[in-house]
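Numbering (my numbering), first residue to last: 100 to 1010. Quick reminder that beta carbons are idealized off the backbone N, C-alpha and C, glycines included. Some notes on the structure that comes next.
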């Protein structure tokens, strides 16, 4: 058979179309660059397996647990066309270059392409940390084979996550709620957020007092705070534990009475300087960005969510503006160090660049994601001004942040001095006469800004109540100088509970504990919000009550699998597999089947014993009130039986719904009692429908008050009288479970309540929609109540009407009159916005929430984003609105497929 003729074409495959376009510019002629658009194959759902495999060891997980945990991969349905296109391109190529990302996931994509395409031409693996001409050419000079160790580590992680999720999630479905999920990292992160909320719930505030005063010298005035009384340090917030107990020794705990007496006694006291201490101040720049630190800083400074940060960074990388954005290394290449030092010298002066380059080492034990920090791409950096016109608003802001951090990392230390003045006096007269009071003030003066000229790192919220001494210049005073005093006042404080995690601080804690990978932090934090385990309150992450139930079950029955150290050790084991120091199948066997005294996941699941679902879903609030996590949300239940005052019979325990926007730590004993006392009756029997005989009740539901009918269960006689179906062989089929009839329901009008609605009104509400009649063409016209008020409906044409009461009074003639008018949409009277949040930090235009055709949406006049269904308008905050707009901008405009018009037929030529 003759060999295939050489074409000179080389096929290069990357993950994304944007990346392929950028690379194509640098490779030139002879190279065809195609995108696989992510993974081309994955594990199928077990239900999608061929019938002959469902009863084999593959059937439960699509993984052969009896044959070294070998996965059963299938090409995704939406990738079959793409695989066909790649195979067609490969037929005409003389070589195949797999240029997917250099991390484990990218290596796995390359391996799957190799397995599916089965190329008969030479195959090369090329990787690069940035998409620039120099980097692409360097990659072509350093080709290699697919790294099987990295592939094994990724495959082990994929199988591990399938085993974990498919074994533990069903337990959550049975004991907490359907649709919940457990995950190797997601469940641990949820536990972290719940643990922080538990700390806040258990926290007991301590009160303490101190004094502040304004003091003057010839050279100026300054503010100082009481530091010691009679030589003993004055207690501050950090001297108390979370139980409100004073833990520090040899300190004086000022109460309000003593603080007020000291303030009174110091009004006319003689203050003098007791000491002046000056020390040199040096501050070094922060290391260049890793994935984790980029997410943290973008959250602090740009108010980006982790997900939004990674979306924007992905675009910057694929278009050649920054290096690869999934990395846990803070090291810079020699070319990058040179570029940063040169730019710092050009922009700020040679004195701002230290003599020797700064070298940063990774904090991670094994920086597996990439080998360099996130920095501007290229051997010479483009300034933000040079790229401003090429980038969107969010892209520019993130690029500017990365550029500043990178350049600053190679600049000189900031220099200055920190001065501390201690001053004091003895109280005069009053209840605290003769007490020695010493005040203190500190301030730092920067004499040489160094790297601060380019960049200063942000900080997370702290519990400390100490005033910062940054950038405060104190007057020039000397020991024994006399000072004037004014505004000496006693100030009361309360200790603060641990601050809730933000996305930035949670990311920092995950990295500190070694849980998960920086490349997965954004998706994990997004997942726990999408699952309903966590919601945002401003920038703080607040756990839901269902998260408490999930974490409680996992802690009691799967303790190791939500243990922080155990999870970090699993990550370290995956690193060993990636380094070729361990084998994936053997590790998975130990994890799933266990060994000796170490039970595996299978043994734990098979020996769970009885799990009390009611106990798992209950949280005691007070001695008589318990919070329950129910099918339709959390509610309070009294453990004290309720007695019917008329009959004296014990009836169902009293209940009260818990507002969705009430954070768990805000549900105090007093709040629980208040909710129970003000709760409307959950259900009230209104009477019997004279036509059906069904009982009609009014209820308070999760989404408001409504009326409904109670349809009785079928009796045994009725069930027995059901028609019998037979198989083809004549044998009777087992009786089917009867389909339950759907009860009629109707939402109460705004003017109605469970306590006041009548049986007649309920029957009217349940009769909706009301048919008014037909128009001239025979189209039926109905009137009904909807989410946004009462309206008429004729086919697909809906028209709003004035009030809910009109639903039962409007006539067909009035409806036809409304339909005879042109439909008012844009020309109707302006509707005031549902909410306003002030100017957007990017567009600087006013952010408002408006009611749209498809529901409420947020807009700044430039970008629109629908309010998520999981977020009530009342819960929406400015921070959340800004974040949603930023995420929409990060995704870019929706790409619409252009519809090609058929070419016009040419007129026939005249003969």
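Span separating the alpha-carbon of residue i from that of residue j
i, j, result
"residue 257", "residue 669", "13 Å"
"residue 62", "residue 440", "With the chain running from 100 to 1010 in the structure shown, residue 62 is simply not present."
"residue 579", "residue 501", "50 Å"
"residue 929", "residue 505", "Its pLDDT being 47, under 50, residue 929 is placed unreliably in this model, and the value from its coordinates should be taken loosely. Each residue's alpha carbon lies about 49 Å from the other."
"residue 182", "residue 171", "18 Å"
"residue 901", "residue 855", "23 Å"
"residue 684", "residue 271", "28 Å"
"residue 814", "residue 890", "41 Å"
"residue 680", "residue 647", "38 Å"
"residue 291", "residue 600", "9 Å"
"residue 920", "residue 492", "44 Å"
"residue 130", "residue 169", "36 Å"
"residue 553", "residue 146", "56 Å"
"residue 690", "residue 167", "12 Å"
"residue 420", "residue 476", "5 Å"
"residue 212", "residue 139", "7 Å"
"residue 289", "residue 627", "7 Å"
"residue 259", "residue 162", "10 Å"
"residue 466", "residue 428", "With a pLDDT of 48 at residue 466, under the threshold of 50, the modelled position of that residue is not reliable, and the figure given next carries that caveat. Answer to the nearest angstrom: the Cα atoms are 6 Å apart."
"residue 617", "residue 165", "33 Å"
Sequence-distant residues of its chain with Cβ nearer than 6 Å to residue i (five each side left out)
i, result
"residue 360", "529, 530, 531"
"residue 305", "339, 343, 594"
"residue 411", "493, 494, 497, 989"
"residue 252", "203, 673, 676, 677"
"residue 895", "none"
"residue 127", "none"
"residue 808", "793, 795, 842, 843"
Per-residue DSSP class, three states only, for residue i
i, result
"residue 328", "strand"
"residue 544", "strand"
"residue 705", "helix"
"residue 733", "strand"
"residue 764", "helix"
"residue 599", "coil"
"residue 313", "strand"
"residue 826", "coil"
"residue 373", "strand"
"residue 641", "strand"
"residue 91", "The chain is shown only over 100 to 1010; residue 91 falls outside these bounds and no answer can be derived."
"residue 458", "coil"
"residue 717", "strand"
Beta-carbon proximity of residue i to residue j, cut-off 8 Å
i, j, result
"residue 661", "residue 650", "yes"
"residue 480", "residue 442", "yes"
"residue 142", "residue 700", "no"
"residue 959", "residue 402", "no"
"residue 632", "residue 645", "yes"
"residue 408", "residue 393", "yes"
"residue 573", "residue 518", "yes"
"residue 478", "residue 438", "yes"
"residue 828", "residue 799", "no"
"residue 266", "residue 728", "no"
"residue 229", "residue 422", "yes"
"residue 234", "residue 225", "no"
"residue 444", "residue 982", "no"
"residue 887", "residue 950", "yes"
"residue 534", "residue 329", "yes"
Cut-off 7 Å between Cβ atoms - residues of its own chain near residue i, not counting five sequence neighbours on either side
i, result
"residue 577", "372, 375"
"residue 400", "500, 557"
"residue 540", "321, 322, 323, 520, 573"
Those residues which DSSP pairs with residue i across a bridge
i, result
"residue 957", "948, 964"
"residue 50", "With the chain covering only 100 through 1010, there is no way to say anything about residue 50."
"residue 807", "796, 844"
"residue 521", "374, 539"
"residue 308", "591"
"residue 784", "796"
Own chain residues within Cβ distance below 8 Å of residue i, not counting five before or after
i, result
"residue 545", "380, 513, 514, 515, 551, 570"
"residue 134", "112, 113, 114, 115, 116, 118, 119"
Check: residue i C-beta below 7 Å from any heavy atom of the ligand MN
i, result
"residue 515", "Questions concerning the ligand MN fall outside what the structure shown contains, since it holds no ligand whatsoever."
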